[in-house]
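The next block holds one structure in the form of structure tokens; read it before the comments.
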Amino acid sequence: EDQVTQSPEALRLQEGESSSLNCSYTVSGLRGLFWYRQDPGKGPEFLFTLYSAGEEKEKERLKATLTKKESFLHITAPKPEDSATYLCAVAGGGGADGLTFGKGTHLIIQP
Amino acid sequence: GAGVSQSPSNKVTEKGKDVELRCDPISGHTALYWYRQSLGQGLEFLIYFQGNSAPDKSGLPSDRFSAERTGGSVSTLTIQRTQQEDSAVYLCASSYVAGGQNEQFFGPGTRLTVL
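Chains as they are written, first to last, in the numbering used here: chain Y, 4 to 114; chain A, 119 to 233.
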């Protein structure tokens, strides 16, 4: 059974204070690891897909990296508008196409 | 272009009643997924459709849950004899083609409250 664990559950940063969110996963044959952003009352918004260890992707102040056991979402010099819940999900090799999600990291950036 | 749309945005019902939730996927997307997000829990996969193929129902929590997809586009999730534990946000997603490696795009969700 695929499993995803995200840490920390919540993180409060000052504007401009860089940090990283962790996503540890257990999966039988990783087909893809996904990062989403979710704002209150809205559906998840797609950010990145990573397919193999060593891969990195960037978008504005966000950078996602992948190893064989975990992924990191690095946030550089965050702004208050980066406040959201960040979700990590995996697509495993078990045949089902539904994603397995972690419970998310609730990020608050204080001005 | 238009994203995934869902209706209603909110639904309040009484225990024991049936409810129907609707999802319109992104035009041209062949795969459609339903998830449930309960308070304090991660998103939970429910069911998946690919084109006109038989759906993957492996995530449905009980036989009170069913879904159909008409004409390879719009989908309806039906919950019969609703229970209080069914209260959650129900999210629909679509992707261009099937295959777990393809990104899924989510709608805004339907918040279901069972009294």
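By construction, the Cβ of each residue, glycine as well, lies at the ideal position given by its N, Cα and C atoms. Source: prediction; values computed, not measured.
Hey, could you find the ends of the beta strand (DSSP E) A/Thr148 is sitting in?
Segment: none, A/Thr148 is in no beta strand (DSSP E) and carries neither H nor E.
How many Å lie between A/Gly158 and Y/Phe104 at the Cα?
13 Å
In the DSSP assignment, find the beta strand (DSSP E) that holds A/Lys129 and state where it starts and stops.
128-131
Below 7 Å on C-beta distance, what does A/Glu97 contact in chain Y?
Any answer about residue 97 of chain A is impossible in this case: the structure gives chain A only from 119 up to 233.
Give, in chain order, every residue of the segment 183-210 of chain A whose Cβ lies closer than 7 Å to some Cβ of chain Y.
For chain Y, the residues of the segment 183-210 of chain A that bring a beta carbon within less than 7 Å of one of its beta carbons are Leu209, in chain order.
Give me the DSSP bridge partner(s) of Y/Asn25.
Y/Ser10, Y/Phe75
Y/Lys72 versus Y/Glu84, Y/Pro81, Y/Gly101, Y/Ser31, residue with shortest Cα-Cα distance:
Residue Y/Ser31 is the option with its Cα nearest to Y/Lys72.
May I have the straight-line CA-CA distance separating Y/Thr8 from Y/Asp100, to the nearest angstrom?
19 Å
DSSP three-state label for Y/Asp85, please.
helix
In chain Y, what lies closer than 7 Å to A/Leu150 by C-beta?
Per Cβ cutoff of 7 Å: no residues; A/Leu150 is ~10 Å from chain Y at best.
How is Y/Asp100 classed by DSSP in three states: helix, strand or coil?
Residue state, collapsed to three classes: coil.
Check the Cβ of Y/Ala13 against every Cβ in chain A and list those closer than 9 Å, keeping chain order.
The contacting residues do not exist; Y/Ala13 stays about 12 Å from chain A at best.
Assuming A/Asp142 and A/Val192 form a contact by the criterion Cβ under 8 Å, report the distance between their Cβ atoms to the nearest whole angstrom.
In this structure, A/Asp142 and A/Val192 form a Cβ contact; the two beta carbons are roughly 6 Å apart against a cut-off of 8 Å.
Pull out every residue of the segment 136-161 of chain A whose Cβ sits closer than 8 Å to any Cβ of chain Y, in chain order.
If the cut-off is 8 Å between Cβ atoms, the segment 136-161 of chain A has Ala149, Tyr151, Tyr153, Gly158, Gln159, Gly160, Leu161 near chain Y.
When you compare only the Cα positions, how much space is there between Y/Tyr39 and Y/Phe49?
Rounded to whole angstroms, Y/Tyr39 and Y/Phe49 show a C-alpha spacing of 5 Å.
May I ask you to verify whether the segment 11-26 of chain Y touches the segment 188-203 of chain A, counting CB pairs closer than 8 Å and requiring at least 3?
Because the criterion of three Cβ pairs below 8 Å is not met, the segment 11-26 of chain Y and the segment 188-203 of chain A do not touch.
Beta carbon proximity, A/Pro179 to chain Y, threshold 8 Å
no
Cutting at 7 Å between CB atoms, please list the residues of its own chain near A/Ser205, excluding the five before and the five after it.
Leu230, Thr231, Val232
From A/Val130 to Y/Gly19, what does the alpha carbon distance come to, in whole angstroms?
Distance between the alpha carbons of A/Val130 and Y/Gly19: 42 Å.
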